[in-house]
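Asker: Got a structure here, written out as structure tokens. Questions coming.
Numbering (the numbering used here), first residue to last: 15 to 162.
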């Protein structure tokens, strides 16, 4: 009985010590500060490429495209997040602020593995721009892999 009691007490102590759900991550703190500053200092954006039609590709191919944009405002443009409507589409945001007058891009890679048929993928971008960053679209046809 004493062993069971000691085991339960030990398990409780270990559980309490390991369940600190607070984030002590400097990266998260830096991102939060960057986001707050970005929202205070909004700028304007001109999206050069908002839609890309990749045509017809074979299932399993990957398509990469750079959606270009220009900071047309007076303050640095900070992209805080870029996400896609599907896990098969991976966007990469610029890590550094885009200075006024500069052009940059959001790189997007679409993996067509297991995706035969017509495809339309959306990429959502959060940045310190007003009005908001428009949704980027990637579309095309994926031909089904022939069964051998």
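Cβ atoms here follow ideal geometry from the backbone N, Cα and C, with glycine treated the same way.
As the structure is a prediction and not an experimental result, all values here were calculated from the model.
My assumption, with CB atoms under 8 Å, is that residue 60 sits in contact with residue 84. Please give the rounded CB distance.
Answerer: Mapped onto the chain shown, residue 60 falls at position 46. Mapped onto the chain shown, residue 84 falls at position 70. At roughly 5 Å, the Cβ-Cβ gap stays under 8 Å, so residue 60 and residue 84 are in contact.
Asker: Mapping DSSP to helix, strand and coil, what is residue 35?
Answerer: Against the chain shown, residue 35 aligns to sequence position 21. Per-residue confidence for residue 35 stands at a pLDDT of 44, beneath the threshold of 50, marking its modelled position as unreliable; the derived number appears in the next sentence. Reduced to three states, the DSSP call for residue 35 is coil.
Asker: Roughly how many angstroms separate the alpha carbons of residue 114 and residue 160, rounded to a whole number?
Answerer: The residue labelled residue 114 in the question sits at position 100 within the chain shown. The residue labelled residue 160 in the question sits at position 146 within the chain shown. C-alpha separation (whole angstroms): 49 Å.
Asker: Using three-state DSSP, classify residue 125 as helix, strand or coil.
Answerer: Taking the chain shown and counting its residues from 1, the one referred to as residue 125 is at position 111. Looking at residue 125 - three-state DSSP - the assignment turns out to be strand.
Asker: How far does the beta strand (DSSP E) with residue 131 in it extend, from its first residue to its last?
Answerer: Residue numbering aside, residue 131 sits at position 117 when the chain shown is read from its first letter. Residue 131 -> beta strand (DSSP E) spans 131-141.
Asker: For residue 35, is the classification buried or exposed, using 16 other Cβ atoms within 10 angstroms of its Cβ as the cut-off for buried?
Answerer: On the chain shown, position 21 is the one that residue 35 refers to. With a pLDDT of only 44 at residue 35, under 50, the local geometry of the prediction cannot be trusted, and no value is derived from it.
Asker: Could you tell me the alpha carbon to alpha carbon distance between residue 130 and residue 158, rounded to whole angstroms?
Answerer: For this step, residue 130 is matched to residue 116 along the chain shown. For this step, residue 158 is matched to residue 144 along the chain shown. Straight-line Cα distance between these residues: approximately 5 Å.
Asker: Quick check: the stretch 55-72 against the stretch 99-108, are at least 3 beta-carbon pairs closer than 8 Å?
Answerer: No: the two stretches stay apart, fewer than three of their Cβ pairs being nearer than 8 Å.
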